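Structure first, then comments.
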């Protein structure tokens, strides 16, 4: 039963991932990304990580729906046309690189033990995660807060600037 | 019947590869940012699978931090794309072939 459920979600996840990079219309890509976020949240819950599932859901809806869709509506639809596919050589090189990477990862995974793992499973609830984050991982937490602050400042600096006229264009 | 860890790892590897191929293949900057997110999701899935496998929460904590960083990355990336769009009026990645504006 659990296995059937996993395969259903896995197929949906893989399809959403392929859709997120394969659709020509970036709007469909964004919606595929949303599907991917929801599916991976389901997988997280499946893996005893309910808090991360909720966080992933929030992030994927926040990032995808708010950021990407607003960016697409501001930038892409106004120009009207979608980007054309890459030149033939670049495309086949990219596909080849991807195949090599996939083959390498698959080759590593073949020798990985197929097991279920530890006997007692720990559920990653908000309480359990918070107890670790605020004690053993306190310094990384502070650094993450600093990264977020830097990102917000960079965002304001980059996105809030006035359009500059460039000579010689 | 419980799911073996290698299934999750294979799915995570597949997502990562799809993300990398998307970054290499697409010309729309916004879709490239989305492909980054796909690759991130694959890695997160592997982390959580390992945390489940070893019965420890450390992997989940790392994913929590990584989620925050990926959001910051998408935000800054979109701001960069927006700044680029203001100059060039397009989001084609091949239009960004100069080192100054």
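Residue numbers (my numbering), protein chains in the order written: chain A, 1 to 169; chain B, 1001 to 1101.
All C-beta atoms, glycine included, are put in the ideal place defined by N, C-alpha and C.
These figures come from a predicted structure and were not determined experimentally.
Measuring straight from C-alpha to C-alpha, what distance separates residue 1089(B) and residue 31(A)? 24 Å
Assuming contact is defined by CB atoms lying nearer than 9 Å, are residue 1072(B) and residue 150(A) in contact in what I supplied? yes
Is the distance from the Cβ of residue 8(A) to the Cβ of residue 34(A) below 9 Å? no
Rounded separation between residue 947(B) and residue 69(A) - CA only: Outside the modelled stretch of chain B, which goes from 1001 to 1101, sits residue 947(B), for which no answer is possible.
Within chain B, the residues that residue 124(A) reaches when beta carbons sit closer than 7 Å: 1057, 1060
Going by C-alpha to C-alpha distance, which of 56(A), 63(A), 60(A), 48(A) sits closest to residue 1056(B)? 48(A)
Check whether the region 1040-1051 of chain B and the region 1006-1019 of chain B touch, using three or more Cβ-Cβ pairs below 8 Å as the test. yes
Report the neighbours of residue 1017(B) on chain A: residues whose CB is nearer than 9 Å to its CB, in chain order. 98, 99, 101, 102, 105
Please tell me whether residue 1041(B) and residue 1024(B) are closer than 9 Å, where the distance is taken between their beta carbons. no
Are the C-beta of residue 1099(B) and some C-beta of chain A separated by less than 9 Å? no
In three-state DSSP terms, what is residue 1095(B)? helix
Would residue 74(A) pass as a contact of residue 1037(B) if the rule is Cβ separation under 9 Å? no
Go through its chain and collect everything with a Cβ distance to residue 1081(B)'s Cβ below 8 Å, but skip five positions before and after it. 1029, 1030, 1033, 1091
Could you check whether the Cβ of residue 1096(B) sits closer than 9 Å to any Cβ belonging to chain A? no
Cβ shell of residue 1094(B) (< 7 Å), same chain only, five flanking positions each side left out: 1027
Chain B beta carbons: is any one of them nearer than 9 Å to that of residue 142(A)? no
Alpha-carbon to alpha-carbon, residue 1066(B) and residue 128(A): 18 Å
Can you tell me whether residue 1052(B) is buried or exposed, with buried defined as 16 or more other CB within 10 angstroms of its CB? buried
Hey, is residue 91(A)'s beta-carbon within less than 9 Å of any beta-carbon in chain B? yes
Which residue from 130(A), 137(A), 148(A), 154(A) puts its Cα closest to that of residue 52(A)? 130(A)
When you compare the CB positions of residue 3(A) and residue 1003(B), do they come within less than 9 Å of one another, or not? yes
Check whether the Cβ atoms of residue 154(A) and residue 1079(B) lie closer than 9 Å to each other. yes
Tell me the residue span of the alpha helix (DSSP H) that contains residue 88(A). 88-110
According to the neighbour-count rule (16 or more other Cβ atoms, all chains shown, within 10 Å of its Cβ), is residue 1039(B) buried or exposed? buried
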